[in-house]
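Read through the structure below, which is laid out as structure tokens, and then see the notes.
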Amino acid sequence: MGKIRITGVWAFCFLVLFASCKTEDEPVDYEIGIEGLTVANFPVIDGSDSTTPLRLILMCKLLGFDYEWARRPFTQDPEADIKVIIPNFSCTVEEQHHLSTACMLYSNTHQSFVNLIDDKVELILTARSISRDEKIYAEEQGVTLIEKPIAKDALAFMVNPGNAVNNLTISQIQGIYTGDIVNWNEVGGEDARITPYVRNRNSGSQEKFETMVMEGLEIKDFPEMQVGQVMMSPYYQLEDDYTGIAFTPFYYYNVIVDNGSTKAIGVDGVPMTKENIENGSYPYISEVYAAVRSDIDKASMAYKVFEFLTTTGGQAVVKESGYVAVR
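In this note's numbering, the protein residues as written are 6 to 332.
Structure, rendered in structure tokens:
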């Protein structure tokens with residue numbers, strides 16, 4: 006494979022020209038490839054919303070395409086919307102259509118696990134490991150998975166930028182979500198009732214929140230996001246709610262959204278930064294996983310891509326996407 010340069014200007018899925026932007030990390034100049042991998046035998050890959058940039062960059066790197074970061078168009082304020090990857094397909098229209106519709110799928114975390122268990126996809130990249138419900142479903146189908154960490158992320162807690170609170174302790178966060186702490190003045194903020202937001206069951210961030218943060222504590226029966234169950238739900242809520250608190254994958258906050266509409270707060274005195282994921286000091290560091298079915302053909306391209314992700318080249322792709330590499 007030749008070296009890849011960030012130069013392409015092709016509107017993936019939209020026939021328009023986007024304004025480009027970059028992640029925090031500059032692209033790494035290196036050569037990668039998997040022998041025998043082509044557009045025709047490229048595996049069917051699915052995954053979490055937050056891993057979409059990584060999956061697309063992985064495709065571009067392995068097939069020799071350029072790509073760009075751009076703000077998503079066709080919204081009320083494109084300059085404030087999420088960032089997406091725009092591949093510059095240097096292949097036929099038919100091959101581009103095959104990759105875009107048959108190989109690169111865009112389910113959420115839970116559905117991508119279901120799709121893998123049902124043998125509808127070959128490889129998934131997800132913001133978390135398999136959930137309790139998904140394990141039960143896999144057992145019912147007689148299916149087992151092979152999972153491995155490929156990147157580091159974190160569960161970030163965020164508030165409206167106008168909220169004076171910049172840090173909470175672990176016990177304060179737990180108290181807010183059990184309903185024992187109900188006013189911001191109990192944790193150093195203004196006299197205002199706290200509005201805690203949670204995600205839908207089996208979403209990547211909700212599963213992380215329940216297992217990493219609450220650790221078996223009973224969560225008060227808070228309503229799910231009022232504007233829907235998509236990744237942007239907490240951001241939409243907190244833009245207008247000075248009393249709210251919510252959680253999200255830090256990668257989604259820091260790389261994909263990155264528009265200042267919310268404020269990530271520290272936990273136990275440790276700021277929520279990428280550097281504190283790298284040095285291991287932030288309390289809620291999590292891992293991003295790749296998974297395949299255990300009955301996969303070890304000679305398949307899907308398994309070769311799965312193995313590639315933890316090689317030096319694969320970890321360079323992970324880092325280029327904006328995640329923290331595990332190696």
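All C-beta atoms, glycine included, are put in the ideal place defined by N, C-alpha and C.
- In the assembly as shown, TYR111 is an exposed residue. Its beta-carbon has fewer than 16 other beta-carbons within 10 Å.
- According to the DSSP assignment, PRO154 belongs to the beta strand (DSSP E) that extends over 150-164.
- The Cβ atoms of ILE50 and VAL126 sit closer than 8 Å to each other.
- In the DSSP assignment, LYS88 is bridged to ARG76.
- In the pairwise beta carbon analysis, the segment 242-254 is classified as touching the segment 190-206: at least three pairs are separated by under 8 Å.
- Look at ASP51 here: in three-state DSSP terms it is strand.
- As computed with DSSP, ARG198 is found in a beta bridge with ASN188.
- An exposed status is given to ASN284, since fewer than 16 other beta-carbon atoms sit within 10 Å of its beta-carbon.
- The three-state secondary structure of PHE255, taken from DSSP, is helix.
- If you ignore the 5 residues before and after PHE311, its C-beta comes within less than 6 Å of the C-beta of LEU128, ALA295 and VAL297, all in its own chain and listed in chain order.
- Scanning VAL192, GLY221 and ILE87 for the CA closest to the CA of GLY271 turns up VAL192.
- In the DSSP annotation of this structure, VAL293 is not part of any alpha helix (DSSP H); the continuous beta strand (DSSP E) holding it starts and ends at 290-298.
- If you draw a 10 Å sphere on the C-beta of PHE214, you find 16 or more other C-beta atoms in it, and that means buried.
- When rounded, the separation of the alpha-carbon atoms in VAL89 and TYR328 is 15 Å.
- Cβ contact annotation for VAL262 (same chain, cutoff 7 Å, sequence separation greater than five): ILE87 and TYR240, in chain order.
- Contact between THR183 and ILE224 holds, with the beta-carbon distance rounding to 7 Å and staying under 8 Å.
- Cβ-Cβ distances below 8 Å link THR56 to LEU130, THR131, ALA132 and VAL293 in the same chain, with the five nearest sequence neighbours on each side left out; the list follows chain order.
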